[in-house]
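In what follows, a single structure is set out as structure tokens and then discussed.
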Amino acid sequence: MVAKKPAACRAEIPPMLSQEQRDAVLYTPQCRQRWGERRVTEETSVLEAEDIEEFLTEFSWLKEKELALQCLFDGEFDVPKAVGLLHTARRESYKARRDQDKRLPFKVLKEAIATHGKKFHLVKQSLGEKAITRSSE
Numbered sequence: 093m094v095a096k097k098p099a100a101c102r103a104e105i106p107p108m109l110s111q112e113q114r115d116a117v118l119y120t121p122q123c124r125q126r127w128g129e130r131r132v133t134e135e136t137s138v139l140e141a142e143d144i145e146e147f148l149t150e151f152s153w154l155k156e157k158e159l160a161l162q163c164l165f166d167g168e169f170d171v172p173k174a175v176g177l178l179h180t181a182r183r184e185s186y187k188a189r190r191d192q193d194k195r196l197p198f199k200v201l202k203e204a205i206a207t208h209g210k211k212f213h214l215v216k217q218s219l220g221e222k223a224i225t226r227s228s229e
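First residue of the sequence shown: 93, per this note's numbering; consecutive thereafter.
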């Protein structure tokens, strides 16, 4: 029998991980946990459940309770800071909705392409100043 020579195209198998390395890989968190125990110092005070409910009823709308809780957590339970974060998040939501309203409907783009074919300069002329976006349809 002839001994086989190691082929250059064979993959090198890395050495096995030690048990500690496997355990470390196994128990690494996949995402950041937002809620849970928090270290409280003298400067920061955690609100009571009644205070959190009052914050939610006074400053947040019915459909944004989760967003309000997230802002309260990000603001380190400081109510004025959390209200500012909540208003900023609302403005971003309004801006995204307004930008979505400016987008060109897919049906209009499809009709323009059906009319002019691959002559995209004519498609752009027929659509005028409207914004053109990509569609996944």
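For glycine and all other residues, C-beta sits at the position ideal for the given N, C-alpha and C.
Close CB contacts of L219 within its chain, under the 8 Å cut and outside five residues either way in sequence, are with L196, V200, L201 and A204 (chain order). Counting every other CB atom within 10 Å of its CB across the protein chains shown gives A100 a total below 16, marking it as exposed. When DSSP states are grouped into helix, strand and coil, R182 belongs to the helix group. Taking 8 Å as the cut-off, the beta carbon of L214 is found no closer than this to the beta carbon of F169. Taking the Cβ atoms as the reference, V175 lies roughly 48 Å from F212, outside the contact range of under 8 Å. Annotation: W153 to D191 spans about 22 Å, alpha carbon to alpha carbon. Within the same chain, F147 come within 7 Å of V171 by CB-CB distance, once the 5 residues on both sides are set aside.
If you ignore the 5 residues before and after G167, its C-beta comes within less than 7 Å of the C-beta of K173, A174 and L177, all in its own chain and listed in chain order.
L159 is a Cβ neighbour of A181, given a cutoff of 8 Å. In the three-state DSSP reduction, D170 falls in the coil class, being neither helix nor strand.
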